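Chemist:
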Amino acid sequence: MTDAAATPPHHAERMVILGRLAAPWGIKGWLKVHSYTDPPTALLDYPVWQLSRTGGGWETVRVLSGRAHGAGRELVVALEGVLNPEDARQYTSREVGLPRSALPVPPPGEYYWEDMVGCEVATTAGAELGVVSHFHDFPAGPVMAVRGAGGEHWVPLSPGHLKQVDLGQRRIVVDWNPEE
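The opening residue of the sequence shown carries number 23 in the working numbering; numbering runs sequentially from there.
1) Among the residues of its own chain, which have a CB less than 6 Å from the CB of T59, if the five just before and after it don't count?
2) Taking the DSSP output, what are the residues bridged to H158?
3) Is it true that the CB of T114 sits closer than 9 Å to the CB of D197?
4) Specify, as a first and last residue, the run of the beta strand (DSSP E) that W71 falls within.
5) Can the beta-carbon of Y133 be found closer than 9 Å to that of V38?
6) Expressed to the nearest angstrom, what Euclidean distance is found between the alpha-carbon atoms of D188 and Y68?
7) Is it buried or exposed for P62, if we count other Cβ within 10 angstroms and need 16 for buried?
8) Going straight from the alpha carbon of A26 to that of G163, what length do you get?
9) When the Cα atoms are used, what is the spatial distance from R111 to L105?
10) Where do the ends of the alpha helix (DSSP H) carrying D109 lie?
11) Report all residues from its chain with a CB closer than 8 Å to the CB of R192; omit the five preceding and five following residues, and keep chain order.
12) Does S87 come out as helix, strand or coil in the three-state DSSP assignment?
13) Let me confirm a value: S87 is counted as buried when at least 16 other C-beta atoms fall within 10 Å, else exposed. Which label applies?
14) Just to confirm before moving on: does the CB-CB distance between R95 and H56 stay below 9 Å?
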């Protein structure tokens, strides 16, 4: 890695997780990456990534090359200074993130999941469900995990369920029955 690899991003800036490194791929030190972006190759638009460290914090890495791999959300990438499978193994299972300020403003009606974490969630009928704690990206579609007094609810993130998002008020309204 370069000297920049030892320089962490500004500690107060919120990191947005955009993917996860998987296993080494090939004999030249490339790595498989599971991308959380839409489309998956949008992750390759950023030539410098932050990788989570086991003990906490972030490490800066430069992406030298990358491409889609297979039909799903997988990519393969070459990182600066990673020259063989042994080097690549040290990066497996690490999250890929970017500072929130590095990401473009989403179009109207679209939101970064990270921006929704901590928002209060209520149903269109007025039932308070709790607060968004995290998200799951399942093959059938993403869901929003909402924790409240009634336990944890998994609300599908489809236009039919997500009715209003007010990030300024930190409030989300969903058309969803918590009893189903």
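Just so it is clear, CB atoms sit at the ideal spot from N, CA and C, and this is done for glycine as well.
On a predicted model such as this, the values are computed, not experimentally measured, just so you know.
Modeler: Put simply:
1) Closer than 6 Å at Cβ, skipping near neighbours: L40 and L65.
2) The partner list for H158 (beta bridge, DSSP) reads V165.
3) Not in contact: D197 and T114 (Cβ atoms no closer than 9 Å).
4) Per DSSP, W71 belongs to the beta strand (DSSP E) from V70 to S74.
5) The Cβ atoms of Y133 and V38 do not sit closer than 9 Å to each other.
6) Between D188 and Y68, the C-alpha separation is close to 28 Å.
7) With 16 or more other Cβ atoms within 10 Å, it is buried.
8) Per-residue confidence for A26 stands at a pLDDT of 38, beneath the threshold of 50, marking its modelled position as unreliable; the derived number appears in the next sentence. Each residue's Cα considered, the two are about 37 Å apart.
9) Straight across, the Cα-Cα distance linking R111 with L105 is about 11 Å.
10) Where D109 is concerned, the enclosing alpha helix (DSSP H) stretches over P107 to R111.
11) Within the same chain, R192 has close Cβ partners G140, C141 and E142.
12) Strand, per DSSP.
13) With fewer than 16 Cβ atoms within 10 Å of its Cβ, S87 is classed as exposed.
14) Yes, they are a contact pair.
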